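Down below is the structure, laid out as structure tokens.
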Amino acid sequence: MSIQAITAQEKRALKTDPTQLVLLVAFLLACLYAVLQGGAYRQTQVEMTTSFTEAQIERNTAWRDRLVAVETGTTAPEDDRWAGLAMDVSFPATITPGPLSDLSQGVSDVKPAASRVSLWRSVDRLFGNYQIQSPIDTAAGAFDLAFVVIFIMPLMMIALSYDVLSEDRELGRLGLILSQPISVRQLVTTRLKVRFGAVATILLLSLLVSLLPGLGGDDFATRVPFLAVWLLVAGAYFLLWAAVIVWAISLNLKGETTALLLAGLWIVNGLVGPASLSAAAESLYPTPSRLAFLSEAREASAEAYKSQADIMQGMLLDHPDLTAENYSIPEYIRTSFLVTRTVDEAVVPVLQRFDDVQAERRQFLSALQYASPAVLTLQSLNLAAGTDLNRHVAFERSVRNFKQAVAEAVEVKVLAGERLSLADYDGLPRFRHQEPSIGGILGQVGLPVGFLIVVAILLGAIALNNLGRLQNRIRES
Amino acid sequence: MSSTNSNENGRMAILQTINLRKTFGEVVALEGLNIAVKPGETLCLLGANGAGKTTTINLFLGFLEPTSGEALVNGRNVAMAPVETKQDIAYIPEQVALYPSLTGLENLRFFAALAGHDKYSDAELYTCIDRAGLGKAQADRPVAGYSKGMRQKIGIAIALAKQAKAFLLDEPLSGLDPSAANEFAVLANQLREDGAAILIATHDIFRATELASTIGIMKAGRLVEELDPKSVHSIEIEAIYLNHMRDNHVRVSAGEAA
Amino acid sequence: MIKAIIWKELLQYRRDGRVMSVLLITLALGFAAAVNGWSTVETLQRERQSAVQSDRDTWDNQGKKNPHTAAHFSRYAFQPTSNLAVFDPGLKDFMGSAIWLEAHYRDPATLRAVEDAVEIQRFARLTPAWILQVFAPLLAILLAFAGIAAERERGTLRQVMSSGVSPQHLFVGKAIAALCIIALLAPSVIAAVALAANTQDEMGLPGAGLRLAGIVLAYAIYIGAFTFAAIGISARVAKSKTALVILVGFWAASVVFIPRLATDVGSTLSPAPEATDFEARLSSESSSPFWGSSEAAQQRRADIETEVLAQYGVDNIADLPINYDGYLLQESEEFANGVFDRMYDELWGAYEDQADIVRLFSLVSPTLALSNISSALAGSDMQAHRHFADSAELFRRDFVRILNEEMIENGGEDGYGYMSDNDFWQQNPDFDYQPPTAGDVLSNVWADILILLAWAFLAYQLASRSVRFSFKQEAMA
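And the structure:
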């Protein structure tokens, strides 16, 4: 009876108390805004990738058609000596927008998403001129649902509940309430169930909205399993905060002190922790100098250009069958290929070094993420959304590997100055990025999520125990 | 009977009101109040809640502006010189409010400095505390652990440090245990003998007879009776008081007559 | 009297464990941030210097090459890092630091540090400016939220009033005391400035002293505004816990939520062009209308030819005393420059509209106004970058023109076969970047300065009125 009375009173309060209502409406608006802008963001991503790929395919089809025309005799070979030029093959390479890039944008806005892989460009130039996004926008980060979950949600939960026990005590009402057949534990948990329930409902509602067709994308079926993982992470984080708040309440401090304590935890979790961790990761594993890399790459290409005669000589030694006379296309094409290849050979190890440092940092952060639930949650949400650093770094690497694979496949034809045959062309590799499986993602977020839940349970148990003892203290006093 | 003539007996009243009236909208809180407390006198105002005792104190403190009439401290109109008049007043409320993280001594130093007395040495402040009846060791502890009586003693020490001529005590005795109340009464009488003018607002008839040189009974914003406790027995005072409380229609007021 | 109030407040702060621990943590973070900023800037400056050197060396020793091939081989303009970036790196990490100065094309700046950053970097960055922007107001709140409310709750307000203290005295005393404590953060700022002075001043930011003074003043106003607001709210509400919740809510909105929301709304209302699209348009619009096979392009080239022939009074290109290929190249540059101006104006225009929208939001978040002023004065904002990029573009045009003129004047009949050598390369001037003056910078942020001043003024009014109001209320009690 009493519990129902409290629940009813709480529900009524949610409707009548303007502060709580204002907070909840603000939270709802923040969630909806995040979902809508995220949907628009992903839509743009999808359109960009699609239109880029389509344009490249169109271009390649035209290129192939010229080759077909030569092979079928529609065009005389001497009329189109550029048709099937091996050096000119190019393929689009794109990373599919993360399945939930609308919910957590992660690094997807700063990392390149598309490349026209061409043998004319060395591997350090595969992604060019994509740095067009406004720096103001890049710096601030997105107002996406991940941000709402990590930052706004806990603050809402704190604001709604820090006073759940102390208010009654400070007004001297607690004794009266507890003289009814209800325990402190029941009083607190019942009230929090209603308040946190409202927060969770709003969050779930906005996740449902994000699934509406035309919002985040039409690939509903692909998105759902990732959404389940995302929800699992967000849910664990929610539980952790719920437990932290109950624990803080169970300390039976003054309302003001509880609020200070919780705000302090929020700040350490969301600001101090991430700032210290990212500074630590970056100073322990410093990125090698990009500028030095740029210089090295240029130096390599200048050297290769200057020593093209030697490179040519080496090639002829490797391929005695290719004499200087048997090609009908300009020399500079062969030179460019060889120069680019020399540059590639010089820069690939350096690029690998950048990747290694990134990997070391990620390893460091996946070990230390347990120190800051915000960091842990962000990394896990990005993983589930397919917008994590790992996936993007892997994409860049696989584009580089792809370029080298294509170069190897056409090398002999380029050096021999021969046209590609249609069969050659159709047999060339096409870009495919190995996407992490949902199982793999679950494996990666399993431990962090488990950690959040275990901590939540432990804290919750301590809190409930505290509340139980509080009962006796209040009765005695 | 007190008089509006403040120079009677050659001594000027420190706390004095002249036809003081205060209304809050429709509600009349004080009506034609005339009192005068001279050095060495203690006026105890008795009355139910809402009789106008605290309003009178607030008017002396300048917290409120009179609707008409004057409240004078040491001959100066409070409404005209709200800051200057406060230098002569020590205000000790029912609950002496102090800063819990500061020691008694530090609280004393702060409030003395607020009143312009910022040149005291530690020894001088300890003397004030000693006169208020608190030990040195206690004075060096944070106020957070003080009892109500100890806080009140710091309140008195502040008054001493301020060298206040007048004391406004609002329900100083409620909530004190009997021995603390007794100690306070001794102290208050000591202050009076030393020449302070003291105004006490209280419910406590018994203590009032012990402390007062004059007892004033207030009702609905008016001073309805002034009694000399030396000539009237406390039991009789109680009877008179209860009679006033019962009788809603009696309009016999010495104040009004004056 | 004010002195007594200040003394009492400081004594209370000294005994308040919460205040002392937040102060110490903030100081420690501030020192860490100063060292972090210094090491970042120092590295950047060192790397840039060696990159500039190696760019020059590579250029000087590229050997025999056609000037136009060299214009494609090209050079880089590297953005210098200002000393004050130790204190506030602003948007530096989110804008490229190297611009390729190739012929026929205007590249965006590449090598954005954010691409090498860890995922959590955009949550929080350990820089002295960030620490002050985030934690100094928090400290102000912690110091002042109870300022008046707790005095009232304890009853000391009445006691203080009975001592003849005026509202203005109490407000001023409390504000000064709180500001004194916040001023204890100064050592970390001084450390940052000292370390900044200890970097290699490669840019020589004009008016560095004035900029520094401006920064100090801006932060002082910002901190003052928060302190006044905290005292004001504390005086206005009934309980100190309510004041705390309101203030922390405002702080979180101002520091964490609104900046993200503002840029998000900004980029939705004024989107920057999509990268692949921008690149495609830039290269096609700058090249096809000149070099293409369309009628207009052919006409354009024919007109140029007629004009040159008339100018030199000859009938035939072969009879020209200059190299016509070089001439045509320079004409194409000048045509393309118009396109670059138009498209980059569009791009910067979009950025600036975004910045204006963000500025509107600074009406509700003083942090936004402050961070604009701070990064502008530190020479690390978007305008600083634009100034650099525009200067680099002007240099590119000069640089390419010198190469084209070499071909025009000395190319003779060889044209694309004409080779220049190291003697010529070594005569080519370097890019000497002149950063904008402090006056230019101030003219960019005057609106932010006004907004920040308005915040401080309103907060002051709120505080002084509210304290008076609280006295009145207390007197009636």
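Protein chains in written order, with the working numbering: chain A, 1 to 477; chain B, 478 to 735; chain C, 736 to 1212.
Ideal placement from N, C-alpha and C gives every residue a C-beta, glycine not left out.
As the structure is a prediction and not an experimental result, all values here were calculated from the model.
Per DSSP, the continuous alpha helix (DSSP H) segment holding GLU1140/C begins and ends at 1117-1145.
Inside the segment 654-709 of chain B, DSSP marks whole alpha helix (DSSP H) runs of 4 or more residues at positions 655-670, 682-688, from first to last along the chain. Our two residues, PRO802/C and LYS306/A, have alpha carbons roughly 15 angstroms apart in a direct line. Under the three-state reduction of DSSP, ILE95/A is assigned to coil, being neither helix nor strand.
Residue environment: SER545/B is assigned as exposed (fewer than 16 neighbouring CB atoms within 10 Å of its CB, all protein chains considered).
Bridge pairing for CYS521/B: ILE677/B, ILE692/B [DSSP]. Rounded to whole angstroms, the Cβ separation of GLN797/C and ALA805/C is 7 angstroms, and the two are in contact under 8 angstroms. Listed as beta-bridge partners of ASP647/B by DSSP are ALA678/B. Comparing C-alpha distances from ILE512/B to each of SER624/B, GLU571/B, THR691/B, VAL555/B shows the shortest one belongs to THR691/B. PHE501/B: member of the beta strand (DSSP E) spanning 492-501, first to last residue. For the pair ALA248/A and LEU262/A, the CB atoms are nearer than the 7 angstroms cut-off. Between the beta-carbon of LEU523/B and that of ILE694/B there is about 5 angstroms, and that keeps the pair under the 8 angstroms contact cut. A residue is called buried when at least 16 other Cβ atoms come within 10 angstroms of its Cβ; LEU1185/C does not meet this threshold and is exposed. Our two residues, GLY1146/C and ILE1057/C, have alpha carbons roughly 7 angstroms apart in a direct line. The residues THR761, ILE917, LEU920, TYR954, TYR957, ILE958, PHE961, in chain order, have a CB closer than 8 angstroms to that of ALA871/C in the same chain once the five nearest residues on each side in sequence are set aside. Each residue's CA atom was taken as its position, placing ARG1016/C and SER295/A some 29 angstroms apart.
Look at ALA970/C: its C-beta is not under 7 angstroms from any C-beta on chain B.
Taking the Cα positions, GLU660/B is about 42 angstroms away from GLY967/C. Per DSSP, TRP835/C is one residue of the beta strand (DSSP E) stretching across 833-835.
Judged by DSSP in its simplified three-state form, LEU126/A adopts coil rather than helix or strand. Ranking VAL149/A, GLU10/A, ALA275/A by CA distance to the CA of VAL869/C puts ALA275/A first. Taking a contact as a CB-CB distance under 8 angstroms, the pair LEU464/A and ARG185/A counts as one, their CB atoms being some 6 angstroms apart.
Of all alpha-carbon atoms in ASN1107/C, ARG783/C, VAL1043/C, the one lying nearest the alpha-carbon of LEU1063/C is that of VAL1043/C. DSSP places ILE569/B in the uninterrupted beta strand (DSSP E) bounded by 566-569. Going by beta carbons, ARG1131/C and LEU873/C fall outside the 7 angstroms limit. DSSP places TYR370/A in no beta strand (DSSP E); its state is neither H nor E.
Short of 6 angstroms from the beta carbon of GLN358/A, and not among the five residues preceding or following it, lie these beta carbons of its own chain, in chain order: VAL393.
With a 10 Å radius around the Cβ and a threshold of 16 neighbouring Cβ atoms, ILE491/B comes out buried. Secondary structure in the segment 53-106 of chain A: no alpha helix (DSSP H) run of 4 residues or longer lies completely within the stretch.
In this structure, the straight-line span from the alpha carbon of GLU1030/C to that of ASP1038/C is close to 12 angstroms. Interface with chain A (7 angstroms Cβ-Cβ cutoff): GLU1040/C is excluded.
Taking all protein chains in view, the Cβ of ASN720/B is surrounded by fewer than 16 other Cβ atoms within 10 Å, so the residue is classified as exposed. In the pairwise beta carbon analysis, the segment 1074-1091 of chain C is classified as not touching the segment 1163-1173 of chain C: fewer than three pairs are separated by under 8 angstroms. With a cutoff of 7 angstroms on beta-carbon distance, LEU982/C and ILE876/C are scored as near each other. Take HIS319/A, set aside five residues on each side of it, and the residues of its chain with a beta-carbon closer than 7 angstroms to its own are LEU415, in chain order. Going by DSSP, GLU547/B is part of the beta strand (DSSP E) stretching over 545-550.
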